[in-house]
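For the sequence shown, the numbering used here gives the first residue as 3, with consecutive numbering after it. Backbone N, C-alpha and C fix where the C-beta goes; we use that ideal spot for every residue, glycine too.
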Amino acid sequence: LVQPGGDAIRYGVGIGKDGFRWSGRANIQYGREWPVWTPPPEMIQRKPELVKWQGGQPGGLTNPLGARALYIYQNGKDTGYRIHGSPEWWSIGQAMSSGCVRLINQDIIDLYSRVSKKNPVVVV
């Protein structure tokens, strides 16, 4: 996160595993506190046990999106990628997600409080 005046804050992140990574320029469209997580159909195909959440898993400590989620849009369209918290703190520093950028919950709460709608996102 680059703040006004040029100072930057760095957070540890987990990223997408091979074949799931996304890169480019986009914007934060909106954010949610304790968001509902709905696995996409492709994920349910890979992990059939997730079918129980096809209607959405309520926010909470075991929800894969963690305490907060920032929704990434590109050219006005939802990319399906998020910057979000994670209950899996041990995954930070690893390439194991389905493409989202994950942070520990305390860091996503901090980041969430510092960004606003339309903040630019650059993923390289």
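With respect to the alpha helix (DSSP H) encompassing residue i, which residues constitute its N-terminal and C-terminal limits?
i      : result
Glu44  : Pro43 to Arg48
Ile111 : Asn107 to Arg116
To the nearest angstrom, how far is the alpha carbon of residue i from that of residue j?
i      : j     : result
Arg70  : Glu90 : 14 Å
Lys19  : Tyr75 : 21 Å
Gly26  : Ile17 : 14 Å
Leu105 : Leu3  : 13 Å
Pro50  : Gln59 : 15 Å
Pro66  : Lys79 : 22 Å
Pro37  : Ile85 : 12 Å
Buried or exposed: where does residue i fall if 16 or more other Cβ atoms within 10 Å of its Cβ makes it buried?
i     : result
Val53 : exposed
Ala28 : buried
Trp39 : buried
Determine the contact status of residue i and residue j, defining contact as a CB-CB distance below 7 Å.
i     : j      : result
Gly68 : Ser88  : yes
Val15 : Val103 : yes
Tyr32 : Tyr83  : no
Phe22 : Gly95  : no
Trp55 : Pro41  : yes
Ile46 : Val117 : no
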